[in-house]
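Just below is one structure, and these are the notes that go with it.
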Amino acid sequence: MRTLYVAEYPAIQHRHDDGAIVTVRLKRRAGGFRAVCAGCDTEFVYRRPVPSAIAHHKSPLLPPVKGNWDSGEDDH
Ligand SMILES: [Zn+2]
8 MRTLYVAEYP AIQHRHDDGA IVTVRLKRRA GGFRAVCAGC DTEFVYRRPV
58 PSAIAHHKSP LLPPVKGNWD SGEDDH
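Heads up, the sequence shown is in the working numbering, so the first residue is 8 and it goes up one at a time.
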């Protein structure tokens with residue numbers, strides 16, 4: 008049996024080789040939420056999504072303020 012880690016809860020939709028979409032529901036077990044699908048011999052283990060450790064780019068909606076400062080050195 009293979010193990011698949013999922014971030015969805017409580018229903019896990021997946022596709023079988025024959026194209027059928029199968030839904031299994033996670034159940035609380037020791038150590039977390041799990042669901043076993045006998046149809047594809049897969050155990051789904053819920054893993055809570057964690058914030059990415061990768062630094063994200065700042066929001067493009069807030070571009071850095073640039074230029075147009077009065078430096079006092081311009082020749083007017
Ligand atoms: Zn399955």
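Quick reminder that beta carbons are idealized off the backbone N, C-alpha and C, glycines included. Computed from a predicted structure; not experimentally measured.
Next item on the list: Tell me, please, whether the CB atom of Gly-26 is closer than 7 Å to any CB atom in chain C?
Entry: The chain labelled as chain C is not found in the depicted structure, where only one protein chain is given.
Item checked: Beta carbon of Phe-51 nearer than 7 Å to that of Ile-19 -> Walking along the sequence shown from the start, residue 51 turns up at place 44. Walking along the sequence shown from the start, residue 19 turns up at place 12. For Phe-51 and Ile-19, yes; Cβs fall inside 7 Å.
Checklist line | Val-57 - DSSP class collapsed to helix/strand/coil | finding: Mapped onto the sequence shown, residue 57 falls at position 50. Val-57 falls in the coil class under three-state DSSP.
Margin query: Could you give the first and the last residue of the continuous beta strand (DSSP E) run that contains Lys-39?
Written below: Residue mapping note: residue 39 aligns to position 32 of the sequence shown, counting from 1. A quick correction: the sequence has Gly, not Lys, at residue 39. Looking at the DSSP string, the run of the beta strand (DSSP E) that includes Gly-39 is 39-44.
Next item on the list: Examine ligand 1 and report whether any of its heavy atoms sits within less than 6 Å of the Cβ of Gly-26.
Entry: As a working note, residue 26 is residue 19 in the sequence shown. Answer for Gly-26: no, Cβ out of range of ligand 1.
Item checked: Contacting residues, own chain, Cβ-Cβ under 6 Å from Thr-30 (five flanking each side not counted) -> Numbered from 1 along the sequence shown, position 23 holds the residue referred to as residue 30. Cβ within range, chain order: Ala-18, Gln-20.
Check: Phe-40: which of Cys-47, Ala-14, Asp-48, Tyr-53 sits nearest, CA to CA?
Finding: The count along the sequence shown starts at 1 and reaches residue 40 at position 33. Of the candidates Cys-47, Ala-14, Asp-48, Tyr-53, the one whose C-alpha sits nearest the C-alpha of Phe-40 is Tyr-53.
Note to self: Tell me whether Val-29, by its Cβ, gets closer than 6 Å to a heavy atom of ligand 1.
What the structure shows: Numbered from its first residue, the sequence shown carries residue 29 at position 22. Answer for Val-29: yes, Cβ within range of ligand 1.
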